[in-house]
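Trainee: Sequential numbering from 3 applies to the sequence shown in the numbering used here.
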Amino acid sequence: MAHKHTNNLINETSPYLLQHAHNPVQWYPWGKEALNKAKQEDKMILVSIGYSACHWCHVMERESFENEETAAIMNRHFINIKIDREERPDLDHIYMDAVQAISGSGGWPLNVFLTPDTKPFYGGTYFPPVRAFNRASWREVLHSLAQSWKEKRNEIEAQAENLTAHISDAGNFAASPQKVFGIDFRKEFDIATLQNIFSALMKSADTVWGGFGKAPKFPQTFSIQYLLEHYYYTGNTEALKQALLSIDKMLDGGIYDHVGGGLARYSTDEQWLVPHFEKMLYDNALLLIVLCDAYQITKSEKYKYAIDKTILFLQNEMLHPKGGFYAALDADSEGEEGKFYVWDKREVEKILGSDAALFCNFFDITEQGNWEGKNILRVLKPEDEFAKSKQLGKEFFLQMKETCLRKLLAERNKRIRPGLDDKIILGWNALAIKAIAKAAIVLQDKNYKQLAKNAFDFVIGNFSVDKNSHEMRHTWKNGIAKYPAFLDDYSYLIEACLEMHGLDFDTFYLEKAKGICSHVIENFSDSDNVFFYYTHYAQADTITRKKEIYDGAVPSGNAVMAKVLYALSIIFEESGWGLRAEQMAKSVSEAIIKYPSSFGVWASLLQQKINGADEVTIIGTGAFEISASLQASYYLPGKIMMVSQEGGSKFPMLRNKEPLDFIQIFLCSNYVCSPPFTTVEAFISGVKQRQNR
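#1: Quick check on the burial criterion: 16 or more other C-beta atoms within 10 angstroms. Buried or exposed for K448?
#2: Within its chain, find whatever has a CB closer than 6 Å to the CB of A177; leave out the 5 residues flanking it on each side and keep chain order.
#3: Cα separation between D254 and G108?
#4: Does the distance from the C-beta atom of I595 to that of A241 stay below 8 Å?
#5: Of the residues N658, G215, M563, P17, which one's Cα is nearest the Cα of G697?
#6: Going along the chain, which residues of its own chain have a beta-carbon closer than 8 Å to the beta-carbon of P31, five neighbours each way excluded?
#7: Quick one: what does DSSP say F123 is sitting in, helix, strand or coil?
#8: Going by alpha carbons, who is nearest to L48 out of L165, W29, E35, M62?
#9: Using the C-alpha atoms, what's the distance from D208 back to A634?
#10: Roughly how many angstroms separate the alpha carbons of K383 and K251, rounded to a whole number?
#11: Given a cut-off of 8 Å on the beta-carbon distance, is the pair S50 and N113 in contact?
#12: Starting from W140, follow its DSSP beta bridges and name the residues at the other end.
#13: Determine the DSSP secondary structure at P17, reduced to helix, strand or coil.
#14: Does DSSP put T312 in a helix, in a strand, or in coil?
#15: Which residues does DSSP list as the beta-bridge partners of H278?
#16: When we look at the beta-carbon of E627 and count the other beta-carbons within 10 Å, is it buried (16 or more) or exposed?
#17: Counting C-beta neighbours from all protein chains within 10 Å, is the total for D553 16 or more, i.e. buried, or is it exposed?
#18: Would E385 and K396 be called neighbours here (beta carbons separated by less than 8 Å)?
#19: Does the Cβ-Cβ distance between I226 and I193 come in under 8 Å?
#20: N25 and E65 - do their beta-carbons sit closer together than 8 Å?
#21: Assuming the contact rule is C-beta atoms closer than 8 Å, T546 and S170 should be a hit. Round their C-beta distance to whole Å, please.
#22: Counting only runs that start and end within the segment 610–641, where is the alpha helix (DSSP H) found for 4 or more residues in a row?
#23: Give the single residue among S206, A100, S356, L662 whose Cα lies nearest to the Cα of H168.
#24: Given that a residue counts as buried once 16 or more other Cβ atoms are within 10 Å of its Cβ, and exposed if not, what is I418?
#25: Ignoring anything shorter than 3 residues or poking outside the segment 424–500, list the beta strand (DSSP E) runs there in chain order.
#26: Among the residues of its own chain, which have a CB less than 7 Å from the CB of Q446, if the five just before and after it don't count?
#27: Where does F601 fall in DSSP's three states?
#28: Given this structure, state the Cα-to-Cα distance separating T127 from P111, to the nearest angstrom.
#29: For the segment 258–278 and the segment 534–541, state whether three or more C-beta atom pairs, one from each stretch, are separated by less than 8 Å.
#30: For a test of your reading of the model: does the CB of E157 fall under 7 Å from any non-hydrogen atom of the ligand ATP? Yes or no.
#31: Report the rounded CA-to-CA distance for P118 versus Q149, giving the unit in angstroms.
#32: Below 8 Å on the Cβ atoms is my guess for W478 versus N464; work out the distance and round it to an integer in Å.
#33: Are the segment 279–291 and the segment 304–317 touching, with three or more C-beta to C-beta distances below 8 Å?
#34: Does the distance from the CB of F123 to the CB of I158 come in under 8 Å?
#35: Roughly how far, in whole angstroms, is the beta-carbon of I665 from the beta-carbon of A625, given that I think they are within contact range, below 8 Å?
#36: With distances taken from CA atoms, which of T120, A103, A23 is nearest G33?
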């Protein structure tokens, strides 16, 4: 197909950048060519940031970036740069901070204007083509800035300097190592601390529809995980109730795809009915992790079903033939958000025939629809209650429901599909590896074990810079790995290594975790405080090096690093790593206690540190079988487990523990060990006694 326009994005691999390669706007990718051109021509830079699954990014493209008159204004006055936020999250973080400082809010598309030396001075998110929504039109913004650049350049440059200084200072609130050196967690923090975190979290909890806060509602799996762990450590049934309510309502709502599986990014309403239809790899990985925990606690078949269906979705729609996972599925198809996923009642009746009435009743499918005249499948009554109300056997109803869902899926697969973002991101794959490995352990599923191993091997084989170092790349597509890996890439991969170790206790994964951790400490540390930079010290194309402390849609890289430092300090007797984890947590402890929904991973670390990690060592003939049974049967959050059928290991937890002719299970925590247990039942009883439950 011949295109009227082609710009400098045509040679990129990012699906998002390629979507804009035929705009009349003379887009450039971020790089030396565009940045040098801005300096040579003394032009302002427009940086427009988005991602392929972003609905409003598509809207602004259609309205403005495909308009030749608008493009002419942009090309005349600006050097225009397009960035895929998933390829360059470091740049996205910096310029998102700038726009939030300017306007008080952020989002995507993110449009920010820079001086020729890349310092931001103005920006916003979506701009309409004409004045609307109390927003200036995009052309008005362009003309106004072009005039200001001519007439008020000194003011613009002063604003840019102030804003850049603000961004640089924003992440430097962390205390220095000296200020928190030598803390005693069990004296400074106690169970009351964890109760305060729980109370703060429950203030925003929706006790009717689950989740936290009001619409739009995000999954907030970190908060759910904290509540599940809090129940384990304290026996607080209110924590368990809110966690399970949140999971149940999401699984019942429209945010979960009942036909094909998979969780959408967020719900636009409090009842989880209408999602923002894009599906991200990371959301589904994080959902799987809490589903595994919920299943271990309750043994509910609902959670096992959701685990299986979510992994099946990942295999069917997100899996690269060689083992890695793609990034995302678009919200739009045929130019309409959600068109692929919604249903007309008559269409359903035609497909399902005599089963349609019962199916439609269960999934809230009506003539008038529950969203814009169409229907999003959702469950308003639990399956057993519904079956009973219709005087049906539950098993009969479940079988009928599954048959109908398969028929709808087959029909839906004939539709024009949403776009697939087929780049593969290291950190998101690490989250998926952790999640699938966890599911393999909890469900004792050999296929999931192999799926996790294939993905891990893909990542190590394709993202590593070379075989002799732990340096990695951030994104991969078509055989090309690009951009230095970021802190979250590495921290999530370390965590994935620790979960992979639990599959069959191959110590290769522990050694790999230790090596990557050492690489991070060497290349991402700040000599002035305990937190890690988001970028490698040698990365030189940003105006500042930020430290990401808060959890966002994905966990804070610093929080995950603190968690893995703590675990590895025990596994390898690296006391300095454990101390650094304590210092990091102490530095943000006040914020964790006050604002746990923004510090959920940190809160889990505090909970583990205060209670002490369960250090479990199983040794003797049959140790691997016992460990598999133990991991599948019991919820032990934060456990650190070593298993061997032989003695003489170099690992501290196995040292001086010689195998006898019977199984021994050792339990240690906070430098105190119990006498060895000889059965799993006795061990669990010992754990509960230690928890004072």
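Ideal Cβ placement from N, Cα and C applies to all residues, glycine included.
Owing to the predicted nature of the structure, the values given are computational and were not obtained by experimental measurement.
Mentor: According to the data block:
#1: Locating residue 448 in the sequence shown gives position 446, where the first residue counts as 1. So K448 counts as exposed.
#2: Residue mapping note: residue 177 aligns to position 175 of the sequence shown, counting from 1. Summary for A177: the model assigns pLDDT 42, below 50, so the residue's position carries little reliability; its value from the coordinates is reported in the next sentence. Residues of the same chain with a CB within less than 6 Å of the CB of A177, apart from the 5 flanking positions on each side, are S589 in chain order.
#3: Working through the sequence shown from its first residue, we reach residue 254 at position 252. Working through the sequence shown from its first residue, we reach residue 108 at position 106. The alpha-carbon atoms of D254 and G108 are separated by roughly 30 Å.
#4: On the sequence shown, residue 595 is found 593 positions in, with the first residue counted as 1. On the sequence shown, residue 241 is found 239 positions in, with the first residue counted as 1. By the CB criterion at 8 Å, I595 and A241 fall outside the cutoff.
#5: Residue coverage of the chain in this structure runs from 3 to 695, which leaves residue 697 outside it and unanswerable.
#6: As a working note, residue 31 is residue 29 in the sequence shown. Taken in chain order, the residues that qualify are N10, L11, E14, L19, I83, K84, I85.
#7: Stepping through the sequence shown from its first residue, residue 123 is reached at position 121. F123: strand per DSSP, three-state reduction.
#8: For this step, residue 48 is matched to residue 46 along the sequence shown. Ranking L165, W29, E35, M62 by Cα distance to L48 puts W29 first.
#9: Mapped onto the sequence shown, residue 634 falls at position 632. Mapped onto the sequence shown, residue 208 falls at position 206. Using only the alpha carbons, I get a separation of about 31 Å.
#10: Against the sequence shown, residue 383 aligns to sequence position 381. Against the sequence shown, residue 251 aligns to sequence position 249. Pairing K383 with K251, the inter-Cα distance amounts to about 11 Å.
#11: In the sequence shown, the residue the question calls residue 50 occupies position 48. In the sequence shown, the residue the question calls residue 113 occupies position 111. Between S50 and N113, the C-beta spacing is below 8 Å.
#12: The residue given as residue 140 occupies position 138 in the sequence shown. According to DSSP, which records beta bridges pairwise, W140 is partnered with nothing at all.
#13: Locating residue 17 in the sequence shown gives position 15, where the first residue counts as 1. When DSSP states are grouped into helix, strand and coil, P17 belongs to the helix group.
#14: Within the sequence shown, numbered from 1, the residue matching residue 312 stands at position 310. DSSP places T312 in helix when its eight states are reduced to three.
#15: Within the sequence shown, the letter at position 276 stands for residue 278. In DSSP, H278 forms a bridge with Y268.
#16: Here residue 627 refers to the residue found at position 625 of the sequence shown. Residue environment for E627: exposed (fewer than 16 other C-beta atoms within 10 angstroms of its C-beta).
#17: Numbered from its first residue, the sequence shown carries residue 553 at position 551. That one is buried.
#18: For the purposes of this step, residue 385 is taken as the residue at position 383 of the sequence shown. For the purposes of this step, residue 396 is taken as the residue at position 394 of the sequence shown. With respect to K396, E385 sits close: the two C-beta atoms are nearer than 8 Å.
#19: The residue given as residue 226 occupies position 224 in the sequence shown. The residue given as residue 193 occupies position 191 in the sequence shown. No, the Cβ-Cβ distance between I226 and I193 is not below 8 Å.
#20: As a working note, residue 65 is residue 63 in the sequence shown. As a working note, residue 25 is residue 23 in the sequence shown. Their beta carbons are not under 8 Å apart, which means E65 does not touch N25 by this criterion.
#21: Taking the sequence shown and counting its residues from 1, one reaches residue 546 at position 544. Taking the sequence shown and counting its residues from 1, one reaches residue 170 at position 168. Indeed they touch by this definition, with Cβ atoms about 4 Å apart.
#22: Within the segment 610–641, the complete alpha helix (DSSP H) runs of at least 4 residues are 625–635.
#23: Residue mapping note: residue 168 aligns to position 166 of the sequence shown, counting from 1. Looking at the Cα atoms, A100 is the closest of the given residues.
#24: Along the sequence shown, read from residue 1 onward, the residue named residue 418 stands at position 416. So I418 counts as exposed.
#25: The DSSP assignment places complete beta strand (DSSP E) segments of no fewer than 3 residues inside the segment 424–500 at 475–479, 482–486, in order along the chain.
#26: By 1-based counting over the sequence shown, the position of residue 446 is 444. The residues are A630, A634.
#27: Indexing the sequence shown from 1 puts residue 601 at position 599. In this structure, F601 counts as coil in the three-state DSSP scheme.
#28: Locating residue 127 in the sequence shown gives position 125, where the first residue counts as 1. Locating residue 111 in the sequence shown gives position 109, where the first residue counts as 1. When rounded, the distance between both Cα atoms is 5 Å.
#29: With a cut-off of 8 Å, the segment 534–541 and the segment 258–278 do not count as touching, because too few Cβ pairs lie within range.
#30: No copy of the ligand ATP appears in this structure; indeed no ligand is present at all.
#31: Counting from 1 along the sequence shown, the entry for residue 118 is found at position 116. Counting from 1 along the sequence shown, the entry for residue 149 is found at position 147. Each residue's Cα considered, the two are about 16 Å apart.
#32: In the sequence shown, counting from the first residue as 1, residue 478 sits at position 476. In the sequence shown, counting from the first residue as 1, residue 464 sits at position 462. Beta-carbon to beta-carbon, W478 and N464 are separated by about 5 Å, close enough to satisfy the 8 Å threshold.
#33: Result yes; three or more Cβ-Cβ pairs closer than 8 Å.
#34: What you label residue 123 is simply residue 121 of the sequence shown in a count that begins at 1. What you label residue 158 is simply residue 156 of the sequence shown in a count that begins at 1. Yes.
#35: Here residue 665 is taken as the residue at index 663 of the sequence shown, counted from 1. Here residue 625 is taken as the residue at index 623 of the sequence shown, counted from 1. I665 to A625, Cβ: 6 Å. Contact.
#36: In the sequence shown, counting from the first residue as 1, residue 33 sits at position 31. Considering only alpha carbons, the answer is T120.
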